[in-house]
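There are 2 protein chains.
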Amino acid sequence: MVSKNQIKLITALQQKKFRQANELFFAEGAKVIGELLQSDFELYHLYETADVFPEVSASIKSRISESELNKISALSTANNCLAVFKIPKQKPLVEKGLIVALDDIRDPGNLGTILRLCDWFGVEQLVCSPETVDIFNPKVVQATMGSIARVSIHYIDLKPILENTKLPVFGTFMDGKNIYSEKLPPEGIVIFGNEANGISYEIEQTVKNRIAIPRFGKLQQTESLNVATATAIVLSEFRRS
Amino acid sequence: MVSKNQIKLITALQQKKFRQANELFFAEGAKVIGELLQSDFELYHLYETADVFPEVSASIKSRISESELNKISALSTANNCLAVFKIPKQKPLVEKGLIVALDDIRDPGNLGTILRLCDWFGVEQLVCSPETVDIFNPKVVQATMGSIARVSIHYIDLKPILENTKLPVFGTFMDGKNIYSEKLPPEGIVIFGNEANGISYEIEQTVKNRIAIPRFGKLQQTESLNVATATAIVLSEFRRS
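If you read the protein sequences in the order shown, they are chains A and B.
Residues 1 to 241 in my numbering are what the first sequence spells out, letter by letter.
Residues 1 to 241 in my numbering are what the second sequence spells out, letter by letter.
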């Protein structure tokens, strides 16, 4: 049985302020929940319409009806399980390896896709400006497809980090150097900017290495690539070399 | 003034069967409409809340109120203009250059992003299996950001094309050859598969060149890249070489 208070809590967790106040977030579906259960994330409570995770102790799980699950789900079609996890304490950023920094990414789908790309390309740390969409937003959690369990995420002011780092700082700009002919290092911080405005002026000042993805279209009219596809191409270039 | 019949027509054009029956589709917003007006697409009728396109003849445009536009819009927040265009006759496929083939892509956002990538990387022809989401779906039209005006799109059975082409046929598979070490030609057909199932068995038989995007994550648990990000990386590799 699911109590009214439990339903109230989960519904509240759709909003950032309640996630922060309770230090909790939720994930849906066997794939994402399964990956979180195998990671360092700590389960707070699991709700299942059937016995999806028999390994989870009965003391922290409840049966839920399909109609109740549909009511609290953030998805248009609810899955067969929903799990509330504790938001982990943010680890200190370690200036090592390839790091991705996001300057005010607003779209949950883009953030989720970028996190998946970090996971694929072995980027172990993702740094987000405070204005970037919350990684524990249910839509982002869903779009990460479980990668959220394997990449360390840091919300922090980008400027002091970028000004003081010993790592080389990269950013993509239309007038940057052709990424295909640059020698890219195994370590560095690569910045991607907001969907509408790109990298902000303040952050641009910290970029020593301006790179560009060349265009090949005959008409040269396409203004820009979507930020998630640009991230895919840039991370691929860093790793292939 | 906008008549009831005009509103009825536009609302109907949200559905594929009515788009096909009327040979019409619609686009929204100054950016996308502007690019279509500059292309070979033929304008059927323009609706504006203000004078967005003064160059369009008064005989094929109408003023519309914001509330009316909101009613017929396919967007969550309507723009200041909506235009109905004629669906062009499908051109014959020319076996030349780099061609992208899609095997049952279902998500409108993915199709729109892939079309934008084709435009960016100078892929002039996109071939879609009949089960692929309709390119004239309003969500796809919006996601293309105007690229729909510059890439020729063909809905056709993939199998006979792929079996009979003189061009080399490529497809991405987990067990394919490392794309970073392959010599990729300037001409060829590259297939991308359905979001859930990948390239179908029938189509897989026509692929002579199996390629793979290597994973770099320590844990090697990410199952696959999103099809649009995979397209970004593969097209970038074809063009860089």
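Positions of the beta carbon are idealized from the N, C-alpha and C atoms, including for glycine.
Fair warning: this is a prediction, and the values are worked out from it, not measured in the lab.
Proximity of residue i and residue j at Cβ, strictly below 8 Å
i, j, result
"B:A232", "A:T229", "yes"
"A:F238", "A:L184", "yes"
"B:N209", "B:P160", "no"
"B:E55", "B:C81", "no"
"B:V100", "B:V190", "yes"
"B:I87", "B:F136", "yes"
"B:A212", "B:N164", "no"
"B:V227", "B:E195", "yes"
"B:Q14", "B:A58", "no"
"B:E140", "B:V32", "The amino acid occupying residue 140 of chain B in the given sequence is Val; Glu does not appear at that position. No, the pair does not count as a contact, with Cβ atoms beyond the cut-off."
"B:K16", "B:D175", "no"
Proximity test, Cβ basis, 8 Å: residue i and chain B
i, result
"A:L225", "yes"
"A:L36", "no"
"A:L117", "yes"
"A:Y180", "yes"
"A:G122", "yes"
"A:T132", "no"
"A:F170", "no"
"A:S236", "yes"
"A:I153", "no"
"A:F18", "no"
"A:I233", "yes"
Whole-angstrom distance between residue j and residue i, CA atom to CA atom
i, j, result
"B:I153", "A:L46", "46 Å"
"A:F241", "B:E95", "Looking at the sequence itself, residue 241 of chain A is Ser, so the reference to Phe does not match. Straight-line Cα distance between these residues: approximately 33 Å."
"A:I148", "A:T172", "25 Å"
"A:V28", "B:I105", "The sequence given here has Glu at residue 28 of chain A, not Val. Their Cα atoms are separated by approximately 24 Å."
"A:L126", "B:I10", "44 Å"
"B:S129", "B:I203", "10 Å"
"B:R150", "B:R116", "9 Å"
"B:D40", "A:E42", "57 Å"
"B:E187", "A:V84", "50 Å"
"B:N79", "A:R63", "44 Å"
"A:K8", "A:A21", "14 Å"
"B:G146", "B:L102", "20 Å"
"B:S65", "B:P108", "28 Å"
"B:L235", "B:Y180", "12 Å"
"B:I199", "B:L162", "13 Å"
"A:L24", "A:N5", "15 Å"
"B:E131", "B:Y155", "9 Å"
"B:G97", "B:K89", "22 Å"
"A:R19", "B:Y44", "49 Å"
is_contact[residue i, chain A] using C-beta, thresh 8 Å
i, result
"B:G176", "no"
"B:F25", "no"
"B:F216", "yes"
Per DSSP, cross-strand counterpart(s) of residue i
i, result
"B:L167", "Answer is none; B:L167 lacks a bridge partner."
"B:T172", "B:I211"
"B:L15", "Looking at the sequence provided, one finds Gln at residue 15 of chain B rather than Leu. Beta-bridge pairing links B:Q15 to no other residue."
"A:E48", "A:R63, A:C81"
"A:I153", "A:L126"
"A:I99", "A:Q125, A:I189"
"A:F26", "A:V84"
"A:L43", "A:F85"
"A:N178", "A:A212"
"A:N194", "A:G198"
Check: residue i C-beta below 7 Å from any heavy atom of the ligand ZN
i, result
"A:I191", "This structure lacks the ligand ZN, and indeed carries no ligand of any kind."
Please determine if the region 113-129 of chain A and the region 209-218 of chain A are in contact, where contact requires at least 3 C-beta pairs separated by less than 8 Å.
-> Verdict: no, contact absent.
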